[in-house]
Amino acid sequence: MGVEKIINKMQRQPNGIRFNEVSKVLNAYGYELVRKNGSHRHFRNKKGDVITIKEEQPLKAVYVRDVLTRIGR
Numbered sequence: 026m027g028v029e030k031i032i033n034k035m036q037r038q039p040n041g042i043r044f045n046e047v048s049k050v051l052n053a054y055g056y057e058l059v060r061k062n063g064s065h066r067h068f069r070n071k072k073g074d075v076i077t078i079k080e081e082q083p084l085k086a087v088y089v090r091d092v093l094t095r096i097g098r
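And the structure:
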């Protein structure tokens, strides 16, 4: 699935999103996985903005909304 399709899905239904979909979107927007700590994954972009996401299936809507806010959607 393409990044735009995933973003549209995230906006329509934030409760059914999987971790690998969010990871793909973050990578497309310049975020890199910089740390794994238990079930938490830390992503950082070149500006130094860090976002922490708990790797669970499916993700909680609060993480999805945070990602959408960080990428400007």
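Numbering (this note's numbering), first residue to last: 26 to 98. Don't be surprised by glycine CBs; every beta carbon is placed ideally from N, CA and C.
Judged by DSSP secondary structure, residue 46 falls within the alpha helix (DSSP H) whose first and last residues are 44-53.
In the DSSP assignment, residue 34 falls outside any beta strand (DSSP E) and within the unbroken alpha helix (DSSP H) covering 28-37. The three-state secondary structure of residue 58, taken from DSSP, is strand. Counting of Cβ neighbours within 10 angstroms places residue 37 among the exposed residues, the total staying below 16.
The shortest CA-to-CA distance from residue 56 to any of 62, 48, 83 is the one to 48.
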